[in-house]
Amino acid sequence: MAPLAAAAAAAVLVVPAWATTLYDQSKTDGSADSRAATRWVVDHIPHDAVVVTDDYIWMDLKLAGFTKPVWLWKLDTDPEVMQMYLPAGAASIDYVVMTDQADSTLAALPTLRDGVADSTVVVRFGAILVRKVDA
Numbered sequence: 034m035a036p037l038a039a040a041a042a043a044a045v046l047v048v049p050a051w052a053t054t055l056y057d058q059s060k061t062d063g064s065a066d067s068r069a070a071t072r073w074v075v076d077h078i079p080h081d082a083v084v085v086t087d088d089y090i091w092m093d094l095k096l097a098g099f100t101k102p103v104w105l106w107k108l109d110t111d112p113e114v115m116q117m118y119l120p121a122g123a124a125s126i127d128y129v130v131m132t133d134q135a136d137s138t139l140a141a142l143p144t145l146r147d148g149v150a151d152s153t154v155v156v157r158f159g160a161i162l163v164r165k166v167d168a
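Heads up, the sequence shown is in the working numbering, so the first residue is 34 and it goes up one at a time.
Here you go:
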């Protein structure tokens, strides 16, 4: 009987907290900023531009007909991508679309670091920044 009472007590304490959390999450649109940024890029940036982005937006840009979206983790790690899309390093990047990256990420990807350093924020969607690279 004691295990049953313990389970009932735990349910009384835990279920209300879960219900509140689940309700709050059901009212939050966690991808709204990503969708808005993607829509803006599709509507305002030439589809042949070199756009460095994270994996969330990359596929959407490919599906929208962009010919040169580059997943940011390919910079400085994939020689074929560097040769094909970024032969001049950061100077080959037209736009960067991503959230602010940790210093450790930028240190590991110097082409991205240089592109971000030589860029201007064009528009912001929550934590997502669309940057025009001036290099």
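Quick reminder that beta carbons are idealized off the backbone N, C-alpha and C, glycines included.
Around the Cβ of residue i, are there at least 16 other Cβ atoms within 10 angstroms (buried) or fewer (exposed)?
i: residue 65; result: exposed
i: residue 67; result: buried
i: residue 164; result: buried
i: residue 35; result: exposed
i: residue 160; result: exposed
i: residue 71; result: buried
i: residue 110; result: exposed
i: residue 96; result: exposed
i: residue 142; result: buried
Check residue i in the structure and name its three-state DSSP category.
i: residue 67; result: helix
i: residue 86; result: strand
i: residue 79; result: coil
i: residue 139; result: helix
i: residue 36; result: helix
i: residue 108; result: coil
i: residue 144; result: helix
i: residue 119; result: coil
i: residue 165; result: strand
If you check the beta carbons only, do residue i and residue j fall under 9 Å apart?
i: residue 107; j: residue 84; result: no
i: residue 145; j: residue 123; result: yes
i: residue 130; j: residue 118; result: no
i: residue 149; j: residue 134; result: yes
i: residue 73; j: residue 166; result: no
i: residue 168; j: residue 126; result: yes
i: residue 138; j: residue 162; result: no
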